Each structure stands twice: as structure tokens, then as C-alpha cells.
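One structure is given below, encoded as C-alpha cells.
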Amino acid sequence: MAEHTSEHHIVPLKYYFGVFALLMVFTALTVWVAQFDLPGLWNIIVALTVACIKATAVVLIFMHVKWSSKLTQVIIIAGLFWLAILLIMTMADYLVRGGWGVLGVQPN
Amino acid sequence: MADHAAHVPGLAHHFVSMEQQKEAGTIGMWLFLLTEVMFFGGLFLAYTIYRAKYPDGFLQGSHLLSVPLGGLNTVVLIVSSLTMAMAVYYSQLGERKKLLGFLTLTLILGTVFLVVKYFEYAEKFHHNLFPAYWTYNPAADHPPTQYHGHVQVFLWIYFMMTGLHALHMIIGIALLLVIMFLAHRGKFTKEYNSPVEIFGLYWHFVDIVWIFLFPLLYLTGYHVGGGH
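So the sequence lines, in the order shown, correspond to chains A and B. My numbering numbers the first residue of the first sequence as 1 and each following residue consecutively. My numbering numbers the first residue of the second sequence as 1001 and each following residue consecutively.
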């Protein structure tokens, strides 16, 4: 059988406080940036980048995936890949049809 | 091996060791959460398609939402994720009182979220912004905008996504009450605490959904001036 890689690992509280601080700062940042009408797609790019960073921190630290088994990590990545198929392949179809604007930009 | 296993409290007979049992539970929960990702993913896809089609309707619809209330709920959920993480920490140390304390804080914060959400929904209903109201009352007082139909699409998506999220919060609170009951009964120890940790995964997942909902729904139209 496999070796026991995951002995009783208790994540120190400082990690949790660190993620908490990051989440609060990035929430403030995303609200602050949203006040400005940035050119092109930059509003949504900034908003989604900040959201992805926050989500990654929650998954890795709060949900302990940083210390999880390789099997768990591979399953999660496979699931996110599946979500990417749903979003990217559907949008790749929709956005090349006529009469559709690109996100945030009105079609002519 | 079998009788050795039988003496470990909390270890089900079909698992070889506590590690294997915990691993199985964790993977099982993650598989469930990934089906949830696809479940919400369909709604995020609908959001993306209609935002691409009706960008102005989405800006105006988003502008109808309250950034202070949405921001408050974001902070409430972040703090509740911290208290949940700390509950897991103290369950691993076998400190029952602190475990119960942080579970209680998590419960209170989850309830605060739903109360704020209730006031937001009530305000939307009060201003005839629930889309079904327009559908069934064509003569109803529409918000003054030339993008009625497009704003309506945004509001349908807003109510579907936040409604499904709120349903997950309600289910989470119900599960949390079960975990609290078991913790109160002293069911969790230093050796056996994976139900707390696995419930924590669910709670953090619901937080992550909100991390995406807040900017996409509330902040999209924040830079649009003029009030509503």
C-alpha cells in the first residue's frame, strides 16, 4: 500500500489569519477599482483576477488542499478543467456568431 | 488488523485506517463540490452569454443592486470562513468548547448573511424589480430605462444565482446545526473530527461562489453614474 503521507496535519492559525487578511484587502481593492470606468475589458479582467486569487487562497489554505493528497489535487484540477470546457467551448461558439458584442462592449 | 481497527473509536469497519477513512471522505466531498461547480457553472455560463449579448442591460441592472449591502455580506462570509477554519483547527486539537464557540460564530454569521439578503430581496420586490412582476403585470411601473428587457434578463440571472446561493446557505446552516449537536455531545475528538473538516469544505465552497457573484453582479455597474 501507499506510504502514509498525510499524518495528522494541523494547519497553524497564522495561515488562516493570513488568508483572512488577503481576502479583506482584495475585497476592498476590487470595490475600489470597480468605481472607475476602465477602458475595454479591463474592469472585468481586474474583477475576475482578484476573485480567482481570493478563491485560490480559500481552496489552498482554508480547504487544506495545499496539504491534501496528490489524488485529491488531481481530482480538483480535473473538475476545474471540466468547468473550463463548459465555459470556453460554449463562448467560443457564441462569440463568433454575428451580432454579439464582446463582454462589456456593445455590438455595432 | 480487523480487531485492531475495531478498537479505534470513530473508525468504520470498512476502512483500514483513520487516514484512509479521512481521505475517502475528503475525496467524496470534493467530488460532490465539483458537481456543484458544474451546477453553478451553468448559471455562470448563462451570465457570460447574456452579458456578452446585452452589456448595457447588465450595467444598468447591476447598478440597481446595493454595493454597501453586497459588500457587507462579502465581509460577513469571509469572516464566517475564518471562524469555520478556526472551528476545524480546534476540532483537530480536540478542544470541544472552542470548537462549539467557533461553530456558533459561524452559525451567527451565516444567519446575518441571510438576513441582509432578505432585506435586499424585500427592497427589490418593493420596487417591482422581481422580473416575474413585469412578466405578469405588463402595466406595472417599470424602472425608467430604455433597456427594460435586457435589465430584466440581468435581474432573472441575479435572482437565480443569489437564490441558489442562498439555498446553499440555508442547507449549510441546517448541516451546521447537526455538526454543532454532535460536537455538543462530545462526538468529535483529536482522533475523530473529519465531519467538521468535511462540512468546512462545503462552507468554504459556498463562500467561493459568493466571491465570484459579488463582483459579477454588484460591481459590474458600480462605475455607472446617475443613480437609479
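By construction, the Cβ of each residue, glycine as well, lies at the ideal position given by its N, Cα and C atoms. All of these numbers come straight from a predicted model, not from anything done at the bench.
Closer than 7 angstroms to chain A by CB, residue i
| i | result |
| --- | --- |
| B:Ile-1078 | yes |
| B:Ser-1081 | yes |
| B:Ala-1183 | no |
| B:Gly-1070 | no |
| B:Leu-1219 | yes |
| B:Ile-1027 | yes |
| B:Thr-1074 | yes |
| B:Val-1151 | no |
| B:Ala-1012 | no |
| B:Pro-1215 | yes |
| B:Trp-1030 | yes |
| B:Ile-1198 | no |
| B:Gln-1021 | no |
| B:Pro-1144 | Below a pLDDT of 50, predicted positions are generally treated as unreliable, and B:Pro-1144, at 48, falls in that range; the measurement from the model is reported next regardless. Closer than 7 angstroms: no. |
| B:Leu-1064 | no |
Residue i burial status per 10 Å Cβ neighbour count (16 or more: buried)
| i | result |
| --- | --- |
| A:Ala-51 | buried |
| B:Glu-1197 | buried |
| A:His-64 | buried |
| A:Pro-12 | exposed |
| B:Tyr-1047 | buried |
| A:Ile-85 | exposed |
| A:Met-89 | exposed |
| B:Gln-1021 | buried |
| B:His-1127 | exposed |
| B:Leu-1103 | buried |
| B:Gly-1186 | exposed |
| B:Trp-1203 | buried |
| B:Ile-1108 | exposed |
| B:Leu-1167 | exposed |
| B:Leu-1011 | buried |
| B:Thr-1035 | exposed |
| A:His-9 | exposed |
| A:Thr-49 | exposed |
| B:Tyr-1158 | buried |
| B:Gly-1028 | exposed |
Through-space distance from residue j to residue i, alpha-carbon basis
| i | j | result |
| --- | --- | --- |
| B:Val-1115 | B:Ile-1211 | 18 angstroms |
| B:Pro-1144 | A:Arg-97 | Confidence at B:Pro-1144 is low in this model, with a pLDDT of 48, below 50, so the placement of that residue is unreliable and no value is reported for it. |
| B:Asp-1207 | A:Val-58 | 9 angstroms |
| A:Tyr-16 | B:Met-1086 | 8 angstroms |
| A:Phe-26 | B:His-1014 | 44 angstroms |
| A:Val-31 | B:Tyr-1090 | 33 angstroms |
| B:Leu-1175 | B:Val-1088 | 15 angstroms |
| B:Ser-1066 | A:Gln-73 | 37 angstroms |
| A:Gly-18 | A:Ala-92 | 38 angstroms |
| A:Ala-55 | B:Glu-1019 | 27 angstroms |
| B:Gln-1092 | B:Tyr-1192 | 8 angstroms |
| B:Ala-1057 | B:Glu-1023 | In the sequence on display, residue 1057 of chain B carries Gly and not Ala. Whole-angstrom Cα-Cα distance: 46 angstroms. |
| B:Ile-1173 | A:Ser-68 | 26 angstroms |
| B:Leu-1216 | B:Val-1178 | 33 angstroms |
| A:Phe-20 | B:Thr-1074 | 12 angstroms |
| A:Lys-66 | B:Ser-1017 | 22 angstroms |
| A:Lys-14 | B:Met-1084 | 15 angstroms |
| B:Tyr-1121 | B:Met-1169 | 15 angstroms |
| A:Leu-29 | B:Phe-1125 | 31 angstroms |
| A:Phe-36 | A:Leu-60 | 31 angstroms |
| A:Leu-22 | A:Ile-45 | 19 angstroms |
| B:Gly-1041 | B:Met-1180 | 31 angstroms |
| A:Tyr-94 | B:Leu-1064 | 27 angstroms |
Distance cut-off 6 angstroms: residue i Cβ against heavy atoms of the ligand MN
| i | result |
| --- | --- |
| B:Ala-1052 | Among the components of this structure there are no ligands whatsoever, and the ligand MN is therefore not found. |
Beta-carbon gap between residue i and residue j smaller than 7 angstroms
| i | j | result |
| --- | --- | --- |
| B:Phe-1199 | B:Leu-1033 | no |
| B:Pro-1195 | B:Trp-1156 | no |
| B:His-1150 | B:Tyr-1054 | yes |
| B:Gly-1070 | B:Phe-1214 | yes |
| B:Ser-1080 | B:Thr-1111 | no |
| B:Leu-1082 | B:Phe-1113 | no |
| B:Ala-1183 | B:Leu-1100 | yes |
| A:Ile-53 | B:Trp-1030 | no |
| B:His-1165 | B:Val-1209 | yes |
| B:Tyr-1050 | B:Val-1153 | yes |
| B:Thr-1026 | B:Gly-1094 | no |
| B:Leu-1045 | A:Leu-87 | yes |
| B:Leu-1043 | B:Met-1161 | yes |
| A:Ala-47 | B:Tyr-1222 | no |
| B:Val-1037 | A:Gly-79 | yes |
CB contact check: residue i to chain B, cutoff 7 angstroms
| i | result |
| --- | --- |
| A:Ile-88 | no |
| A:Gly-18 | no |
| A:Phe-62 | yes |
| A:Lys-66 | no |
| A:Val-25 | no |
| A:Lys-14 | no |
| A:Asp-93 | no |
| A:Lys-54 | yes |
Inset, instruction - Pick out the complete alpha helix (DSSP H) segments inside the stretch 1169-1217 of chain B, 4 residues or longer, and give them in chain order. - result: Counting whole runs of 4 or more residues, the stretch 1169-1217 of chain B contains the alpha helix (DSSP H) stretches 1194-1213.
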